[in-house]
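*Asks:* For reference, the structure I am asking about is given below.
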Amino acid sequence: MAPWWDHWFLPTWRRSLTFVIEQRFDSDVVPRCHNGNMAANYRSGEVRCGDSAPPQVLAFARYAEALDLSHAADVARMRALADLGRSALREARRDGVRGLASDMELRSVAAEAAGMARLTDRRLQGEIDHAMTVIDDYPAVFAAWVERRIERGHVDVVVKAGAGLPDEVRGEFAEAAIGVCERDVPSRVRGALEVLAARVHPRSFTERHTAAAAERCVRVFHGTDGMSNLVANLPTVIAAGMLDRLTQMGQSVKDARAEGADAAGAGGSGADAAGGAGSEVVPDARTMDQLRADILGDLVLSGAPVVDPTYGTDRAGGLGAIRARVQVAVTAQTLTGDDEHPAEAVGAGLIDADTARQLAAQVSEWDRLFIDPVTRTPVEIDTYRPTVAMKKLLTARDQHCRFPGCRRAAIRCELDHTIDYALGGHTHIYNLAHLCQRHHSMKQFTRWDVRQIGGGVLEWTSPLGWVYREDVPTPAVCFTANAADPTPDGRPGDTPPAGSPPPF
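With this note's numbering applied, the sequence shown has no gaps in its numbers, which climb one by one up to 613 at the end.
Below you can see the structure in the form of structure tokens.
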């Protein structure tokens with residue numbers, strides 16, 4: 110029988126690992142570890158784990174056992190997810206529904222499972238779809254994974270590469286893909302699998318590109334430290350052209366920067382040639398990556414796209430006149446420069462104080478938000494100019510979709526009557542809440558139920574009877590009462606009268 114590491118390490122590592130172990134053991138007694146169904150033997154003799162096996166061998170044995178357990182759990186989870194998806198489809202067929210209603214049943218099941226796993230229902234629905242695809246459309250690949258001939262990463266790569274293949278060639282592709290995956294790690298087989306999929310596909314590349322281009326889109330993924338990733342799925346020629354143009358623009362900035370530095374040096378000491386006496390030239394030290402990112406932001410936020418139907422005409426409006434909307438909550442102390450606490454871009458994350466002040470300088474309308482200093486719950490909002498105060502209050506209160514786990518910003522959601530208006534529900538802040546289109550539809554067309562229990566708190570009940578409490582989101586930024594400065598005689602200072610204008 111081959112040594113246990115022969116089953117757990119890639120061929121490229123196998124020789125070096127065996128060589129090290131052979132050199133380390135001078136005796137004929139080499140460890141053999143018994144852990145469930147994972148056994149090891151090497152040369153002759155055996156010892157049980159913990160007897161005289163070196164610590165590193167024991168560590169490898171424990172790691173191998175952990176891989177066994179993790180693999181079994183992953184397989185069981187994928188089977189369970191596929192069963193959930195099939196049960197939803199069976200339930201929909203039993204009720205005689207199709208199309209949107211069938212999808213609603215799948216959404217409902219995904220939301221139920223998401224509550225159990227403490228994940229978002231969108232993610233769970235994606236995992237259910239993926240599990241059904243693997244088990245139902247790629248049974249040979251799933252079997253190879255169960256048998257440990259390939260790993261989970263291989264399965265995902267095969268499914269992604271085979272997306273769009275018709276049923277009649279999928280089996281042929283899967284069998285060939287398994288052979289490719291058995292020879293290398295997932296990250297190194299992607300290219301070969303894409304070539305293989307293109308070879309077996311009955312449609313031409315041009316036809317497939319046309320269909321793929323119909324799926325073009327833009328997504329944003331919020332990160333940390335006030336940064337996010339903007340991802341665009343575009344035709345390759347467009348993406349390559351965009352990068353090249355951004356690079357050329359960035360290089361122009363760098364060239365102008367170098368020319369400016371040369372001119373400043375040629376002007377001699379003293380006054381700047383362009384700025385006059387006493388002016389100071391701020392050096393532009395941005396890297397090419399930074400320049401490309403800055404130029405992209407300028408073009409997207411302030412440029413006039415050629416797809417605008419009014420582009421090049423005298424007609425009013427136009428896409429170039431549209432300005433990005435971001436809801437920002439910021440304290441008065443940050444605006445006035447008394448502190449550097451971050452502001453909050455609602456639904457996205459924190460932004461730095463300097464950026465918040467720059468945004469504040471460009472707006473003509475302010476909303477003043479009063480927050481309970483104990484519960485940090487928004488209780489009232491007013492404006493300097495007339496507006497729909499109820500909508501503003503609810504936008505400030507909810508911040509995002511109020512379905513458990515959903516983070517879609519309130520400005521992208523719909524205001525929903527918790528008790529339907531047609532059934533006697535009032536248009537009141539304690540009968541209204543923001544729901545994204547997905548979860549608004551779920552509330553209408555599935556057996557998920559919601560009620561408000563006061564103070565903006567929502568209580569959701571799933572079709573299986575599980576109850577999920579959705580508390581009012583806690584603002585990351587809020588106004589708090591500072592202790593009044595004492596007077597010279599030690600008594601508290603005067604408190605500003607109620608109704609005083611804000612300090613900004």
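Glycine included, each C-beta is placed from N, C-alpha and C at the ideal position. All figures in this text were calculated on a predicted structure; none of them were measured in a lab.
Is the beta carbon of proline 513 sitting closer than 9 angstroms to the one on glycine 235?
*Replies:* no
*Asks:* Measure the C-alpha to C-alpha separation of glutamine 165 and tyrosine 172 and round it to an integer number of angstroms.
*Replies:* Their backbone Cα atoms lie some 10 angstroms apart in a straight line.
*Asks:* Return the chain-ordered ranges of every alpha helix (DSSP H) run that is complete within the segment 295-380 and spans a minimum of 4 residues.
*Replies:* 295-309, 314-322, 345-375
*Asks:* Could you compute how far the alpha carbon of alanine 148 sits from the alpha carbon of alanine 175?
*Replies:* Only weak support is given to the placement of alanine 148: the predicted model assigns it a pLDDT of 35, under 50, and the value that follows is read from those uncertain coordinates. Each residue's alpha carbon lies about 13 angstroms from the other.
*Asks:* Which stretch, first to last residue, makes up the beta strand (DSSP E) that contains glutamine 561?
*Replies:* 558-561
*Asks:* Counting C-beta neighbours from all protein chains within 10 Å, is the total for tryptophan 557 16 or more, i.e. buried, or is it exposed?
*Replies:* Buried.
*Asks:* In terms of alpha-carbon separation, which member of Val309, Gly288, Asn342, Val304 lies closest to threonine 322?
*Replies:* Strictly speaking, residue 322 in this sequence is alanine, with threonine absent from that position. Ranking Val309, Gly288, Asn342, Val304 by Cα distance to alanine 322 puts Asn342 first.
*Asks:* Using 8 angstroms as the threshold, is the segment 273-282 in touch with the segment 254-261, meaning 3 or more CB pairs across them?
*Replies:* no
*Asks:* Under the criterion of a Cβ to heavy atom distance below 8 angstroms, does valine 267 qualify as lining the ligand SAH?
*Replies:* Ligands displayed in this structure: none; no statement on the ligand SAH is therefore possible.
*Asks:* Are glutamine 508 and proline 572 touching if we call contact CB-CB under 9 angstroms?
*Replies:* The answer is no: Cβ separation not under 9 angstroms.
*Asks:* For proline 495, collect the residues of the same chain with a Cβ closer than 6 angstroms to its Cβ; drop the 5 residues on either side in sequence, then sort them by chain order.
*Replies:* Since pLDDT at proline 495 reaches only 38, below the 50 mark, its modelled position is unreliable, and no value is offered.
*Asks:* Could you pull the DSSP bridge partners for threonine 445 from this structure?
*Replies:* DSSP, once it has assigned bridges, lists no residue as partnering threonine 445.
*Asks:* In three-state DSSP terms, what is valine 576?
*Replies:* Assignment of valine 576 by DSSP, reduced to helix, strand and coil, places it in the strand class.
*Asks:* May I ask you to report which of helix, strand or coil DSSP gives aspartate 525?
*Replies:* strand
*Asks:* Which value, in whole angstroms, describes the spacing of the CA atoms of phenylalanine 314 and alanine 307?
*Replies:* Taking the straight line from one Cα to the other gives about 8 angstroms.
*Asks:* Do you know whose CA, among Arg216, Met351, Arg195, Ala469, lies nearest glycine 406's CA?
*Replies:* Met351
*Asks:* Looking at C-alpha atoms only, which residue of Val218, Leu400, His535 is the closest neighbour of aspartate 353?
*Replies:* Leu400
*Asks:* Taking DSSP's pairing of strands, which residues face tryptophan 569 in a bridge?
*Replies:* Val559, Tyr577
*Asks:* With a threshold of 8 angstroms, are at least 3 pairs of Cβ atoms found where one atom belongs to the segment 530-540 and the other to the segment 567-581?
*Replies:* no
*Asks:* Could you tell me the distance, in whole angstroms, from the CA atom of arginine 317 to the CA atom of proline 344?
*Replies:* 12 angstroms
*Asks:* So the beta strand (DSSP E) glutamate 174 belongs to, where does it begin and stop?
*Replies:* Run containing glutamate 174: none in the beta strand (DSSP E); it sits in the alpha helix (DSSP H), 164-203.
*Asks:* With respect to the beta strand (DSSP E) encompassing glutamate 453, which residues constitute its N-terminal and C-terminal limits?
*Replies:* Unbroken beta strand (DSSP E) run through glutamate 453: 452-454.
*Asks:* Using a Cβ-Cβ cutoff of less than 7 angstroms, which residues in the same chain neighbour alanine 197 once the five nearest sequence positions on both sides are dropped?
*Replies:* Non-local beta-carbon contacts of alanine 197 in its own chain, meaning distances under 7 angstroms to residues more than five positions away in sequence, involve Glu214, Leu215, Val218 in chain order.
*Asks:* With DSSP run on the structure shown, which of helix, strand or coil describes alanine 438?
*Replies:* strand
*Asks:* Near aspartate 403, what residues of its chain come up, given a Cβ to Cβ distance below 8 angstroms and the 5 sequence neighbours on each side ignored?
*Replies:* Arg395, listed in sequence order.
*Asks:* Give me the Cβ distance between alanine 249 and alanine 283, rounded to the nearest whole Å; I'm assuming they're in contact under 8 angstroms.
*Replies:* 5 angstroms
*Asks:* Skipping 5 residues on each side, what residues in its chain have a beta carbon closer than 8 angstroms to that of valine 264?
*Replies:* Correct list, in chain order: Val243, Tyr247, Val250, Phe251, Trp254.
*Asks:* From the DSSP output, which residues share a beta bridge with arginine 459?
*Replies:* The sequence given here places leucine at residue 459; arginine does not occur at that position. Answer is Glu453.
*Asks:* According to DSSP, is leucine 532 helix, strand or coil?
*Replies:* helix
*Asks:* Could you check where the alpha helix (DSSP H) with histidine 548 kicks off and where it finishes?
*Replies:* 546-554
*Asks:* Find out if the Cβ-Cβ distance for the pair serine 337, glycine 458 is shorter than 9 angstroms.
*Replies:* yes
*Asks:* By how many angstroms is the C-alpha of alanine 365 removed from the C-alpha of alanine 469?
*Replies:* 31 angstroms
*Asks:* Only counting the same chain, and skipping five residues up and downstream in sequence, which positions put a Cβ closer than 8 angstroms to that of threonine 356?
*Replies:* Met397, Arg401
*Asks:* Look at the Cβ atom of cysteine 545, then the Cβ atom of glutamate 523, and state whether they are nearer than 9 angstroms.
*Replies:* Cβ distance < 9 angstroms, so cysteine 545 and glutamate 523 count as in contact.
*Asks:* How big is the Cα-Cα spacing for glycine 563 and alanine 220?
*Replies:* Rounded to the nearest angstrom, the two C-alpha atoms are 24 angstroms apart.
*Asks:* Can you give me the Cβ contacts of glutamate 449 inside the same chain, cut-off strictly under 6 angstroms, excluding the 5 residues immediately before and after it?
*Replies:* Ala462
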